[in-house]
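Asker:
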Amino acid sequence: MNLNNATEIIARREFSPVYMIFDVAFLLCFAAMLIVKKKYMTVLVGALAGILYMIVDYGIFHLVCHSRSISEGHSLFLVLLWMSISYGFTNFTWIWLWISKDKHLFEWSFLILLWWFVCPQLAKTFTPAGMQNIIIERTTGEYHGYMALILLIGYLTLIIFNMRQKEREKRVDIPWLLAIGILVQFGWEAGLLIGGIRSAGFATLAEKLRPLIVNSLLETNLGMPYIYAVFIAYTCRFTEQMKRREEPLAFTDRIAENNGEKVWAK
């Protein structure tokens with residue numbers, strides 16, 4: 098048995114161009130809602146994440162690893178641009194809202210999860226007959242090891258950091274970060290799987306569930322230690338509205354402050 102074939106995971110999506118159109122409309126509405134609520138830094142983080150996703154997905158996964166493929170008649174660059182902006186923006190705005198323990202976290206979370214479930218159903222209903230679906234695939238054998246290394250370095254750093262902190266309130270809440278990193282990716286993957294977008298055409302349940310489980314544990318989760326460090330470093334001195342704090346905090350003091358904040362506090 099070939100070990101590479103045994104460990105290879107194929108991430109496959111199939112959707113119509115109408116799905117992309119609906120999703121772009123949602124992204125614009127979602128961004129507008131964040132701006133109305135003065136979540137300026139959240140929007141900026143999401144936009145930067147979209148750019149980062151494009152650099153990684155097109156620049157590394159496609160140009161370097163040659164792991165991307167798309168059905169004939171469609172532009173890989175344009176489809177990856179949409180995917181990167183869509184999932185980069187949505188994932189990282191959601192992560193930022195989680196880390197900041199936004200008072201409307203439930204509403205934001207429900208909106209995102211609702212959309213990931215509803216969008217495929219809308220696309221199936223309103224896609225004109227005869228319109229060709231887009232099929233895009235990504236193999237993971239070329240880079241999942243590197244992703245695992247990034248995951249290890251990030252969380253190992255947090256573990257060492259916590260062990261050096263004598264004051265418990267100044268330790269990073271690692272279980273909280275794990276919950277965010279795993280659940281955000283799981284929500285995305287599960288929504289796509291239920292909607293028939295993710296793993297379309299795969300024959301067995303194992304083929305469908307394997308990307309869901311592995312990607313949920315690895316792909317977004319690997320960035321959590323780093324995005325958390327960015328969040329703490331930024332919010333030591335600045336607010337969500339990009340204004341200077343009246344009283345800047347030290348890095349560990351900001352961790353303690355964040356740990357003391359409650360989600361859905363009354």
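All residue numbers for the sequence shown refer to our numbering, where the first residue is 98 and numbers rise by one. Note that the Cβ used here is the ideal one computed from N, Cα and C, for glycine as well.
1) Tell me whether the beta-carbon of residue 147 lies closer than 7 angstroms to the beta-carbon of residue 186.
2) Just tell me which of 108, 116 and 125 has its CA closest to the CA of residue 154.
3) For the alpha helix (DSSP H) containing residue 324, name the first residue and the last one.
4) Among the candidates 143, 210, 263 and 272, whose CA atom is the shortest distance from the CA of residue 290?
5) Suppose the cutoff is 6 angstroms on Cβ atoms and the five residues either side in sequence are ignored; what does the same chain contact list for residue 195 look like?
6) Looking at the strands, I want to know which residues DSSP matches up with residue 335.
7) Considering just the uninterrupted stretch of the alpha helix (DSSP H) at residue 256, what are its terminal residues?
8) What are the uninterrupted segments assigned as alpha helix (DSSP H) that are 4 or more residues long and contained completely in the region 182-233, given in chain order?
9) Consult DSSP for residue 111 and reduce its assignment to one of helix, strand or coil.
10) What number of angstroms, rounded off, separates the C-alpha of residue 360 from the C-alpha of residue 353?
11) Between the alpha carbons of residue 357 and residue 349, how many angstroms are there, rounded?
12) If residue 167 sits next to residue 233, beta carbons under 8 angstroms apart, how far is it from one beta carbon to the other, in whole angstroms?
13) Along the chain, where does the beta strand (DSSP E) that runs through residue 165 open and close?
14) Just the Cα atoms here: how many angstroms apart are residue 224 and residue 215?
15) In this structure, does DSSP put residue 307 in helix, strand or coil?
16) By DSSP, does residue 317 sit in helix, in strand, or in coil?
17) Just tell me which of 340, 337 and 332 has its CA closest to the CA of residue 347.
18) By DSSP's criteria, residue 295 is part of a beta bridge. Which residues make up the other side?
19) Express the C-alpha separation of residue 235 and residue 242 in angstroms, rounding to a whole number.
20) Kindly indicate which residue of 213, 323, 249 and 325 has the alpha-carbon position closest to the one of residue 283.
21) Ignore the nearest five residues each way along the sequence and tell me which others in residue 244's own chain have a CB closer than 8 angstroms to its CB.
22) Here's the rule I'm using: 16 or more other beta-carbon atoms within 10 Å means buried, otherwise exposed. How should residue 174 be labelled?
23) Any idea what DSSP makes of residue 149, helix, strand or coil?
24) Roughly how many angstroms lie between the CA atoms of residue 208 and residue 247, to the nearest whole one?
25) Count the other CB atoms, across all protein chains shown, that sit within 10 Å of the CB of residue 203; report buried if there are 16 or more and exposed otherwise.
26) Quick one: what does DSSP say residue 137 is sitting in, helix, strand or coil?
27) What is the residue span of the alpha helix (DSSP H) that residue 357 lies within?
28) Out of 307, 286, 115 and 136, state which residue places its alpha-carbon closest to the alpha-carbon of residue 200.
29) Which same chain residues end up closer than 6 angstroms to residue 143 when comparing Cβ atoms and leaving out the 5 residues on each side of it in sequence?
Answerer: Inspection of the coordinates gives the following:
1) Position 50 of the sequence shown, counted from the first residue, corresponds to residue 147. Position 89 of the sequence shown, counted from the first residue, corresponds to residue 186. Against a cut-off of 7 angstroms, the Cβ pair of residue 186 and residue 147 comes out as a contact.
2) As a first step, residue 154 is located in the sequence shown; it is residue number 57 there, counting from the start. It is 108 whose Cα lies nearest to the Cα of residue 154.
3) If you number the sequence shown from 1, residue 324 lands on position 227. Run containing residue 324: 321-332, per the alpha helix (DSSP H) assignment.
4) In the sequence shown, the residue the question calls residue 290 occupies position 193. It is 210 whose Cα lies nearest to the Cα of residue 290.
5) Stepping through the sequence shown from its first residue, residue 195 is reached at position 98. Same-chain partners within the cutoff: 277.
6) Translated into positions along the sequence shown, residue 335 becomes position 238. When DSSP reads this structure, residue 335 sits in a beta bridge with 341.
7) Here the question's residue 256 lines up with position 159 in the sequence shown. 241-260 is the span of the alpha helix (DSSP H), which, as asked, contains residue 256.
8) Runs of the alpha helix (DSSP H) inside the region 182-233: 202-223.
9) For the purposes of this step, residue 111 is identified with residue 14 of the sequence shown, where counting begins at 1. DSSP places residue 111 in strand when its eight states are reduced to three.
10) By 1-based counting over the sequence shown, the position of residue 360 is 263. By 1-based counting over the sequence shown, the position of residue 353 is 256. Distance between the alpha carbons of residue 360 and residue 353: 15 angstroms.
11) Position 260 of the sequence shown, counted from the start, is the residue given in the question as residue 357. Position 252 of the sequence shown, counted from the start, is the residue given in the question as residue 349. Approximately 12 angstroms between the Cα atoms of the pair.
12) For this step, residue 167 is matched to residue 70 along the sequence shown. For this step, residue 233 is matched to residue 136 along the sequence shown. Between residue 233 and residue 167 the Cβ distance is about 5 angstroms, and since that is below 8 angstroms, they are a contact.
13) To locate residue 165, count along the sequence shown from 1; it is residue 68. 165-167 is the span of the beta strand (DSSP E), which, as asked, contains residue 165.
14) What you label residue 224 is simply residue 127 of the sequence shown in a count that begins at 1. What you label residue 215 is simply residue 118 of the sequence shown in a count that begins at 1. Answer to the nearest angstrom: the Cα atoms are 14 angstroms apart.
15) For the purposes of this step, residue 307 is taken as residue 210 along the sequence shown, with counting starting at 1. In the structure shown, residue 307 sits in a helix (DSSP, three-state: H, G or I).
16) In the sequence shown, residue 317 corresponds to position 220, counting from 1. Three-state DSSP puts residue 317 in coil, outside helix and strand.
17) What you label residue 347 is simply residue 250 of the sequence shown in a count that begins at 1. Among 340, 337 and 332, the Cα nearest to that of residue 347 is on 332.
18) As a first step, residue 295 must be located in the sequence shown, where it is residue number 198. In DSSP, residue 295 forms a bridge with 110.
19) Against the sequence shown, residue 242 aligns to sequence position 145. Against the sequence shown, residue 235 aligns to sequence position 138. Between residue 242 and residue 235, the alpha-carbon positions lie close to 15 angstroms from each other.
20) Residue mapping note: residue 283 aligns to position 186 of the sequence shown, counting from 1. Comparing Cα-Cα distances from residue 283 to each of 213, 323, 249 and 325, the minimum goes to 213.
21) Numbered from its first residue, the sequence shown carries residue 244 at position 147. Contacts found: 315, 316 and 319.
22) In the sequence shown, the residue the question calls residue 174 occupies position 77. Answer is exposed; the Cβ neighbour count stays below 16.
23) Numbered from its first residue, the sequence shown carries residue 149 at position 52. In the structure shown, residue 149 adopts helical secondary structure according to DSSP, grouped into three states.
24) Numbered from its first residue, the sequence shown carries residue 208 at position 111. Numbered from its first residue, the sequence shown carries residue 247 at position 150. In a straight line, the C-alpha of residue 208 is about 30 angstroms away from that of residue 247.
25) Counting from 1 along the sequence shown, the entry for residue 203 is found at position 106. The residue is exposed, with fewer than 16 neighbouring Cβ atoms inside 10 Å.
26) Translated into positions along the sequence shown, residue 137 becomes position 40. In this structure, DSSP gives residue 137 a helical state, which the three-state scheme calls helix.
27) Taking the first residue of the sequence shown as 1, we reach residue 357 at position 260. Unbroken alpha helix (DSSP H) run through residue 357: 348-357.
28) Numbered from its first residue, the sequence shown carries residue 200 at position 103. Minimum Cα distance to residue 200 is reached at 136.
29) The residue given as residue 143 occupies position 46 in the sequence shown. These residues qualify, in order along the chain: 186, 189 and 190.
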